[in-house]
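Below: the structure, in structure tokens.
2 protein chains.
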Amino acid sequence: MQNIQVFDDCVHELSRLPGVGRKTAVRLALHILKIKPEQAYKLSDAIKKLKDNIKFCKECGSIAEGDVCKVCSDSHRNKEIICIVEEAKDVFFIENTGRFNGLYHVLGGKISPLDGIGPSDLSFNKLIERVEKLYIKEVIIATNPDADGETTASYIGKILQNVSNLKVTKLASGIPIGSHLEYADEITVLRALENRVNL
Amino acid sequence: MQNIQVFDDCVHELSRLPGVGRKTAVRLALHILKIKPEQAYKLSDAIKKLKDNIKFCKECGSIAEGDVCKVCSDSHRNKEIICIVEEAKDVFFIENTGRFNGLYHVLGGKISPLDGIGPSDLSFNKLIERVEKLYIKEVIIATNPDADGETTASYIGKILQNVSNLKVTKLASGIPIGSHLEYADEITVLRALENRVNL
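Line by line, the protein sequences are chains R and S. All residue numbers for the first sequence refer to full-length UniProt numbering, where the first residue is 1 and numbers rise by one. All residue numbers for the second sequence refer to full-length UniProt numbering, where the first residue is 1 and numbers rise by one.
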């Protein structure tokens with residue numbers, strides 16, 4: 001190394017980002033050196049502004065400009081239905097469909113014994129509290145359909161089973177639109193078969 | 001999308017980095033929201049400081065704190081030998097060996113007809129100028145051994161062939177240390193065979 005402190009510092013900070021190793025960090029730092037100063041300052045400012053202005057919603061755990069996010073504070077949303085997701089980014093994917101008008105609840109992860117994440121690490125207590133306080137009529141579980149996500153979905157089903165007048169549903173599993181049967185694994189095909197719908 | 005301008009701005013700026021798509025940018029932005037404020041500010045500051053303080057060396061094209069880099073301004077380096085690399089990051093890889101004590105010359109890329117990069121886009125004129133001005137005795141070509149890198153190496157050989165008393169060498173190709181013959185492609189094995197060395 002040429003031991004240029006400012007460069008090394010930037011590489012070090014960049015390499016702390018998830019999925020960015022040392023070599024990628026060097027590549028990013030060299031890219032920043034090549035772009036126009038305005039663009040680099042924009043990036044630097046955008047990171048600072050993000051940290052200064054955006055928080056996680058006190059209610060649902062999604063991102064918010066104030067204490068409460070736009071969804072939670074929107075009087076036009078249906079406050080009788082909650083969609084439960086693992087991470088804040090999953091909220092975007094559901095919102096992008098443009099067809100869900102209810103509330104969200106971000107768990108902050110999924111139950112994963114191998115990673116040492118148990119129920120107490122996730123926002124289940126807050127979920128039960130919200131379901132009861134808001135008199136929720138339906139909970140849609142939108143955890144990812146992998147092993148940990150399915151475990152988490154079962155757990156949610158269990159802790160909510162005693163809430164009266166509550167419908168608990170889960171996103172459908174099946175063949176992705178535009179894909180082919182031959183590319184789907186057996187369990188996906190099995191699920192698609194079991195959950196077949198009327199034409 | 002929830003249309004939070006500050007968040008979208010940060011995602012937009014992050015997604016302009018090489019190898020960062022929209023989904024990765026969202027993941028990075030959410031990561032920044034989760035870390036301690038100090039760490040986010042450090043990242044933001046490091047990017048700004050990098051842009052304010054680091055430039056490309058006027059002589060060799062490597063990174064530098066002032067106009068000229070540490071290598072070019074170091075009186076202990078051997079100024080009769082130049083190692084030619086494609087990108088500034090390649091300088092690190094050679095420096096990391098701790099065994100090269102000469103100068104560098106960063107081309108800024110490689111000849112790549114498919115990407116529309118011709119000789120005039122790279123710093124060949126500056127290379128010839130430096131080789132002549134500094135009375136360079138040896139040029140080590142360290143372009144990557146892929147198709148474009150080899151083309152570039154040949155081109156360098158051609159433009160330097162009339163410089164008197166100049167030895168032009170190229171990094172050896174062969175089986176990487178710690179690897180096995182069975183994992184090497186045929187051309188690599190062929191090169192290793194052709195360039196075999198005495199025990």
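Built from N, CA and C at the ideal position, the CB exists for glycine as well. Fair warning: this is a prediction, and the values are worked out from it, not measured in the lab.
8 Å Cβ shell around residue i - same chain, five flanking residues per side excluded
| i | result |
| --- | --- |
| residue 56(S) | 62, 63, 64, 88, 106 |
| residue 153(S) | 141, 143, 170 |
| residue 132(S) | 163 |
| residue 80(R) | 102, 134, 135, 136, 137, 138 |
| residue 40(S) | 32 |
Pairwise C-alpha distance: residue j and residue i
| i | j | result |
| --- | --- | --- |
| residue 144(R) | residue 140(S) | 52 Å |
| residue 135(S) | residue 54(R) | 58 Å |
| residue 197(R) | residue 175(S) | 57 Å |
| residue 90(S) | residue 86(R) | 40 Å |
| residue 162(S) | residue 179(S) | 39 Å |
| residue 1(S) | residue 96(R) | Low confidence applies here, because residue 1(S) scores a pLDDT of 45, under 50, leaving its location unreliable; read the following figure in that light. Taking the straight line joining both Cα atoms gives about 6 Å. |
| residue 29(R) | residue 98(R) | 37 Å |
| residue 27(R) | residue 157(S) | 28 Å |
| residue 164(R) | residue 137(R) | 9 Å |
| residue 126(R) | residue 150(R) | 20 Å |
| residue 194(R) | residue 17(S) | 44 Å |
| residue 50(S) | residue 7(R) | 6 Å |
| residue 19(S) | residue 167(R) | 43 Å |
| residue 43(S) | residue 76(S) | 35 Å |
| residue 72(S) | residue 109(S) | 20 Å |
| residue 60(S) | residue 70(S) | 11 Å |
| residue 268(R) | residue 160(S) | Because chain R spans 1 through 199 in this model, residue 268(R) falls outside it and cannot be assessed. |
| residue 52(S) | residue 48(R) | 17 Å |
| residue 199(R) | residue 177(R) | 16 Å |
| residue 155(S) | residue 183(S) | 30 Å |
| residue 119(R) | residue 24(S) | 27 Å |
| residue 130(R) | residue 123(R) | 11 Å |
| residue 186(S) | residue 146(S) | 14 Å |
| residue 36(R) | residue 21(S) | 20 Å |
| residue 104(S) | residue 121(R) | 52 Å |
Backbone secondary structure at residue i - three-state DSSP
| i | result |
| --- | --- |
| residue 103(R) | strand |
| residue 79(R) | coil |
| residue 88(R) | helix |
| residue 141(S) | strand |
| residue 159(S) | helix |
| residue 169(S) | strand |
| residue 64(R) | strand |
| residue 94(R) | helix |
| residue 54(R) | coil |
| residue 164(S) | coil |
| residue 1(R) | For residue 1(R), the predicted model reports a pLDDT of 45, less than 50, meaning its position is unreliable and no value from the coordinates is stated. |
| residue 111(S) | coil |
| residue 128(S) | helix |
| residue 117(R) | strand |
| residue 175(R) | coil |
| residue 182(S) | helix |
Within chain S, the residues that residue i reaches when beta carbons sit closer than 9 Å
| i | result |
| --- | --- |
| residue 6(R) | 46, 49, 50, 52, 53, 54, 65 |
Sequence-distant residues of the same chain with beta carbon closer than 7 Å to residue i, five excluded per side
| i | result |
| --- | --- |
| residue 58(R) | 67, 68 |
| residue 191(S) | 173, 174 |
| residue 181(S) | 175, 189 |
| residue 100(R) | 83, 94 |
| residue 74(S) | none |
Chain R residues whose Cβ lies nearer than 8 Å to that of residue i
| i | result |
| --- | --- |
| residue 18(S) | 27, 28, 31 |
Neighbour list for residue i in chain S, Cβ cutoff strictly below 7 Å
| i | result |
| --- | --- |
| residue 148(R) | The contacting residues do not exist; residue 148(R) stays about 18 Å from chain S at best. |
| residue 13(R) | 42, 43, 46 |
Contacts that residue i makes with chain R (C-beta to C-beta distance below 9 Å)
| i | result |
| --- | --- |
| residue 121(S) | None at all; the shortest Cβ gap to chain R is about 14 Å. |
Neighbourhood of residue i by C-beta, 6 Å cutoff - its chain only, sequence neighbours within 5 removed
| i | result |
| --- | --- |
| residue 10(R) | 29 |
| residue 112(R) | 148 |
Below 9 Å between beta carbons is the criterion; list the residues of the segment 25-44 of chain R that meet it against any residue of chain S, in chain order. 26, 27, 28, 29, 30, 31, 32, 33, 34, 35, 37, 39, 40, 41, 42, 43, 44
Taking a Cβ distance cut-off of 9 Å, strictly less, list which residues of the segment 46-59 of chain S are near chain R, in chain order. 46, 47, 48, 49, 50, 51, 52, 53, 54, 55, 56
Where the segment 73-89 of chain S meets chain R: residues whose CB sits under 9 Å from a CB there: 87, 88, 89
Which residues, in chain order, does the segment 95-114 of chain S contribute to contact with chain R at a C-beta distance below 9 Å? 95, 96
Residues of the segment 179-193 of chain R with Cβ closer than 8 Å to any Cβ of chain S, in chain order: none
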